[in-house]
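Peer 1: If you use full-length UniProt numbering, the sequence shown corresponds to residues 1 to 213, in order. A virtual CB, placed ideally from N, CA and C, is assigned to each residue, including glycine. Here's a structure for you.
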Amino acid sequence: MSDQSRSVEILDPFYLIVDSANWVERLVPLGVKLVQLRIKDKPDDDIRAQVKAAKAICAAHDCKLVINDYWQLAIEEECEWLHLGQEDLADADLDAIRAANLKLGLSSHDGAELKAALDAKPNYIALGPIYQTILKKMPWAPQGLEKLLVWKKALGDMPLVGIGGLTPERTPDVLRAGADSAAVVTDILLNDNPEARTREWISVTQPWRSAQS
Numbered sequence: 001m002s003d004q005s006r007s008v009e010i011l012d013p014f015y016l017i018v019d020s021a022n023w024v025e026r027l028v029p030l031g032v033k034l035v036q037l038r039i040k041d042k043p044d045d046d047i048r049a050q051v052k053a054a055k056a057i058c059a060a061h062d063c064k065l066v067i068n069d070y071w072q073l074a075i076e077e078e079c080e081w082l083h084l085g086q087e088d089l090a091d092a093d094l095d096a097i098r099a100a101n102l103k104l105g106l107s108s109h110d111g112a113e114l115k116a117a118l119d120a121k122p123n124y125i126a127l128g129p130i131y132q133t134i135l136k137k138m139p140w141a142p143q144g145l146e147k148l149l150v151w152k153k154a155l156g157d158m159p160l161v162g163i164g165g166l167t168p169e170r171t172p173d174v175l176r177a178g179a180d181s182a183a184v185v186t187d188i189l190l191n192d193n194p195e196a197r198t199r200e201w202i203s204v205t206q207p208w209r210s211a212q213s
């Protein structure tokens, strides 16, 4: 099912998702190599300023920055990576995204969404929730490790990101089950010590990072 003409991307096994450039500034210097800026319900000027700030921080620390949802802004600010949910995918101009050489990640939750995502020829696909999550209400039950195994076989060399209810304790199982990267939001952002928790994530994923190199 994978598109053989698509270049294969290597994603860091630890995929941090944050909701502000302040978090990027706070956590990326600790050694984060893959971060998504997922801002909701902010004025356009504020979002643009945060994208600019996050882009500068990530460039200084050799970290991939992924912009969530705002594909026009990602093009205008000459970003490298974009992530879209299924609803956003339906409204996005894929021709413009491809013309801007934006690398694209897509969310998916079931077989129909997987097909829609693959039709868009993304650079990675995210599957979730793997476990129960408190990030947002979802109509999908937790997918479990078995679904990761099935989807990875279907995707071939295309990177698969697992998301939803992940912790450092669960992440080795998720990566062994076929995920190339494990995405996290609340386990870090709601932690009493986000810096220490980030270092724990970096440490637990180090064997997979070393294998990539």
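Here's the rule: buried if 16 or more other CB atoms are within 10 angstroms of the residue's CB, otherwise exposed. What is Ser203?
Peer 2: Numbered from 1 along the sequence shown, position 203 holds the residue referred to as residue 203. Ser203 should be labelled exposed.
Peer 1: With DSSP as the reference, label Ala116 as helix, strand or coil.
Peer 2: Position 116 of the sequence shown, counted from the first residue, corresponds to residue 116. Ala116: helix per DSSP, three-state reduction.
Peer 1: Are the stretch 88 to 105 and the stretch 39 to 55 touching, with three or more C-beta to C-beta distances below 8 angstroms?
Peer 2: Segments in contact, no.
Peer 1: Drop a sphere of 10 angstroms on the beta-carbon of Ala177, count the other beta-carbons inside from all chains shown, and report buried for 16 or more, exposed for fewer.
Peer 2: For the purposes of this step, residue 177 is identified with residue 177 of the sequence shown, where counting begins at 1. Under this definition Ala177 is a buried residue.
Peer 1: Could you tell me whether the Cβ atoms of Leu127 and Trp151 are closer together than 7 angstroms?
Peer 2: Within the sequence shown, the letter at position 127 stands for residue 127. Within the sequence shown, the letter at position 151 stands for residue 151. In this structure, Trp151 lies closer than 7 angstroms to Leu127 by Cβ.
Peer 1: From this set, Val18, Leu73 and Leu160, which residue's C-alpha is nearest Asp45's C-alpha?
Peer 2: If you number the sequence shown from 1, residue 45 lands on position 45. Considering only alpha carbons, the answer is Leu73.
Peer 1: Quick check on Ile10: buried or exposed, where buried means 16 or more other Cβ atoms within 10 Å of its Cβ?
Peer 2: Working through the sequence shown from its first residue, we reach residue 10 at position 10. Classification of Ile10: exposed, given that the 10 Å Cβ count is below 16.
Peer 1: Find the nearest neighbour of Thr205 within the set Val174, Val185 and Thr133, judged by alpha-carbon distance.
Peer 2: For the purposes of this step, residue 205 is identified with residue 205 of the sequence shown, where counting begins at 1. Of Val174, Val185 and Thr133, the residue nearest in Cα terms is Val174.
Peer 1: Reducing DSSP to helix, strand and coil, say where Leu34 ends up.
Peer 2: In the sequence shown, residue 34 corresponds to position 34, counting from 1. In this structure, Leu34 counts as strand in the three-state DSSP scheme.
Peer 1: Check whether the Cβ atoms of Asp183 and Ile17 sit closer than 7 angstroms, and answer yes or no.
Peer 2: For the purposes of this step, residue 183 is identified with residue 183 of the sequence shown, where counting begins at 1. For the purposes of this step, residue 17 is identified with residue 17 of the sequence shown, where counting begins at 1. A quick correction: the sequence has Ala, not Asp, at residue 183. The answer is yes: Cβ separation under 7 angstroms.
Peer 1: May I have the straight-line CA-CA distance separating Glu195 from Tyr15, to the nearest angstrom?
Peer 2: Translated into positions along the sequence shown, residue 195 becomes position 195. Translated into positions along the sequence shown, residue 15 becomes position 15. So the alpha carbons of these two residues sit roughly 15 angstroms apart.
Peer 1: Suppose contacts are defined by Cβ-Cβ distances below 7 angstroms. Is Trp208 in contact with Pro13 by that definition?
Peer 2: Locating residue 208 in the sequence shown gives position 208, counting from the first residue. Locating residue 13 in the sequence shown gives position 13, counting from the first residue. Yes, these two residues count as a Cβ contact at 7 angstroms.
Peer 1: Quick one: grab the DSSP three-state call for Asn191.
Peer 2: Counted from its first residue, the sequence shown places residue 191 at position 191. Asn191: coil per DSSP, three-state reduction.
Peer 1: In terms of residue numbering, what span does the alpha helix (DSSP H) encompassing Pro160 cover?
Peer 2: For this step, residue 160 is matched to residue 160 along the sequence shown. The residue asked about is misnamed: residue 160 is Leu in this sequence, not Pro. Counting along the chain, Leu160 falls outside any alpha helix (DSSP H), though it belongs to the beta strand (DSSP E) covering Leu160 to Ile163.
Peer 1: At 3 residues or longer, what runs of the beta strand (DSSP E) sit wholly inside the stretch 142 to 181?
Peer 2: Counting whole runs of 3 or more residues, the stretch 142 to 181 contains the beta strand (DSSP E) stretches 160 to 163.
Peer 1: Could you compute how far the alpha carbon of Thr171 sits from the alpha carbon of Ser20?
Peer 2: To locate residue 171, count along the sequence shown from 1; it is residue 171. To locate residue 20, count along the sequence shown from 1; it is residue 20. Near 24 angstroms, if we compare the C-alpha coordinates of Ser20 and Thr171.
Peer 1: So, with DSSP's three-state summary, where would you put Leu106?
Peer 2: Position 106 of the sequence shown holds residue 106. If DSSP states are grouped into helix, strand and coil, Leu106 belongs with the strands.
Peer 1: Under a three-way DSSP split, which group does Ile10 fall into?
Peer 2: Looking up residue 10 in the sequence shown gives position 10. Reduced to three states, the DSSP call for Ile10 is coil.
Peer 1: Should Lys42 be labelled buried (16 or more other beta-carbon atoms within 10 Å of its own) or exposed?
Peer 2: Along the sequence shown, read from residue 1 onward, the residue named residue 42 stands at position 42. When all chains shown are included, Lys42 counts as exposed.
Peer 1: By Cβ distance, which residues of its chain are closer than 6 angstroms to Glu25, with the 5 residues on each side in sequence left out?
Peer 2: To locate residue 25, count along the sequence shown from 1; it is residue 25. So the qualifying residues of the chain are Ile57.
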